[in-house]
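> Take the sequence shown: its letters are residues 638 to 803, numbered as in the working numbering.
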Amino acid sequence: MAIKEPGAKGALTHVDARGRIRMVDVGDKPVTSREAVARGSIAMSAAARKLIRTGAVKKGDPLQAARLAGIMAAKKTSELIPLCHPLALTHVSVELTATRTGYAIESRVRTSGQTGVEMEALTAVAVAALTLYDMVKAVDKAMEITDVHLVEKRGGRSGHYVRVKS
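(1) Do you know offhand how far V729's Cα is from A703's?
(2) Mind checking E716: buried by the 16 CB within 10 Å criterion, or exposed?
(3) Rounding to the nearest angstrom, what Cα-Cα distance links V694 and A706 in this structure?
(4) Once you ignore the five residues that flank A763 on each side, which residues in its own chain have a CB closer than 8 Å to its CB?
(5) With a Cβ-Cβ cutoff of 7 Å, do L759 and A675 count as a contact?
(6) Once DSSP output is grouped into helix, strand and coil, what is the label at V754?
(7) Fully enclosed by the segment 668–754, which beta strand (DSSP E) runs are 3 residues long or longer?
(8) So, is A775 buried or exposed, given that buried needs 16 or more other C-beta atoms within 10 angstroms?
(9) Can you list, in chain order, the residues of its chain whose CB lies under 6 Å from that of A725, leaving out five sequence neighbours each side?
(10) Taking the beta carbon of P719 as the centre, do at least 16 other beta carbons fall within 10 Å, making it buried, or is it exposed?
(11) Which residue wins for smallest C-alpha separation from D662, given the options S670, Q751, R800?
(12) Can you list, in chain order, the residues of its chain whose CB lies under 8 Å from that of I708, leaving out five sequence neighbours each side?
(13) Once the 5 residues before and after I689 are set aside, which same chain residues still bring their CB inside 6 Å of it?
(14) Considering only the alpha carbon of each residue, which of R800, R657, I679 lies closest to V773?
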């Protein structure tokens, strides 16, 4: 596969013309409002769901721990994902909603900056799910974290994106 020149339509922005990875220079990009929404889910046993619902988890409230962990993870994304820029986030929310099989997790991240916050939103969802797993793994080691995906993003050169379900 031929590597496209940086800046060419369809080119990977983190790869130079020789195929080496690099951090994208966003210095000349305008500061704009950016927002991203990500979702994922965690499936668990009825026993694990009951433990959470009744507040009987010995480690504490797993939903509050997961929410806080997700927020903290969004703020630390550039330390976890090698080529992400450190960003001054202006808003991070993480919501966990009970479902028939476990919990749906949604994060919303905002900033005013020169690059988007998609990775921060995805990281928030993933770490919230991992934290929920950690909090109740003594009861259910077969939990499944699934479907972590970007739902929507606004701002920047690429504009508004909304995921279309296939």
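Idealized CB from N, CA, C, for every residue including glycine. Nothing here was measured: the structure is a model prediction, and the numbers come from that model.
In short, the structure shows the following:
(1) Walking along the sequence shown from the start, residue 729 turns up at place 92. Walking along the sequence shown from the start, residue 703 turns up at place 66. Distance between the alpha carbons of V729 and A703: 13 Å.
(2) In the sequence shown, the residue the question calls residue 716 occupies position 79. Result: exposed.
(3) In the sequence shown, counting from the first residue as 1, residue 694 sits at position 57. In the sequence shown, counting from the first residue as 1, residue 706 sits at position 69. If you take the alpha carbons of V694 and A706, they lie about 17 Å apart.
(4) Here residue 763 refers to the residue found at position 126 of the sequence shown. Contacts found: G677, A710, I782, V785.
(5) Within the sequence shown, residue 759 is the residue found at index 122, counting from 1. Within the sequence shown, residue 675 is the residue found at index 38, counting from 1. If you check the CB distance, L759 and A675 come in under 7 Å.
(6) Taking the sequence shown and counting its residues from 1, the one referred to as residue 754 is at position 117. In this structure, V754 counts as coil in the three-state DSSP scheme.
(7) 669–680, 726–735, 739–750
(8) Position 138 of the sequence shown, counted from the start, is the residue given in the question as residue 775. Label assigned to A775: exposed.
(9) Locating residue 725 in the sequence shown gives position 88, counting from the first residue. The answer is none, since no qualifying residue turns up.
(10) Translated into the one-based positions of the sequence shown, residue 719 becomes position 82. Exposed.
(11) Taking the sequence shown and counting its residues from 1, the one referred to as residue 662 is at position 25. In terms of Cα proximity to D662, the closest of S670, Q751, R800 is Q751.
(12) As a first step, residue 708 is located in the sequence shown; it is residue number 71 there, counting from the start. The residues are V729, S730, V731, A761.
(13) Position 52 of the sequence shown, counting from 1, holds the residue named residue 689. Correct list, in chain order: P699.
(14) The sequence position of residue 773 within the sequence shown is 136, counting from 1. Nearest in C-alpha terms to V773, of all of R800, R657, I679, is I679.
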